[in-house]
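Just so you know, this note's numbering puts the end of the sequence shown at 266, numbered straight through with nothing missing. Ideal Cβ placement from N, Cα and C applies to all residues, glycine included. Worksheet: the structure to be examined is printed underneath.
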Amino acid sequence: MAQFARNLAEKSPALVSAAVTHSKPRLATFWHYAKVELVPPTPAEIPTAIQILKKIINSAQTGSFKQLTVKENKSSTAPSLNAG
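Dropping the structure here:
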C-alpha cells in the first residue's frame, strides 16, 4: 500500500500536466462556441420566439402538424429551438 501511495505521489504531477495539456485546446473550442451560442436572446428576438412558439402550440392543438412532411416539420421547428 505504501508503494502504491508513493508511486501515485510521484506520477500525479505528470498525470495532471497531461490532463491540462489535453484539455486546453478542447476548452478553448468550447469557450469559443459558448460565447456565441449561449448568449441569452436580445429583447428584439423575444417577440419572434413567442410567435414561433404560438404557431407550434396551435399546430399541436389543431393537429395540423400531421399534414406536414418530415422536411417541413424540421424546417419549422429548428428556428424555434434556436430562438428559444
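Item                                                                                                                                                   : Value
Could I get the ranges of all uninterrupted alpha helix (DSSP H) runs contained in the region 205-244, with 4 residues as the minimum, in chain order? : 228-244
Tell me the DSSP secondary structure of residue 197 in three-state form.                                                                               : helix
Less than 8 Å between the CB atoms is what I'm expecting for residue 223 and residue 231, so what's the real figure, rounded?                          : 6 Å
According to DSSP, is residue 203 part of a helix, a strand, or is it coil?                                                                            : helix
If we ignore side chains and look at the alpha-carbon of each, how far apart do residue 234 and residue 209 end up?                                    : 33 Å
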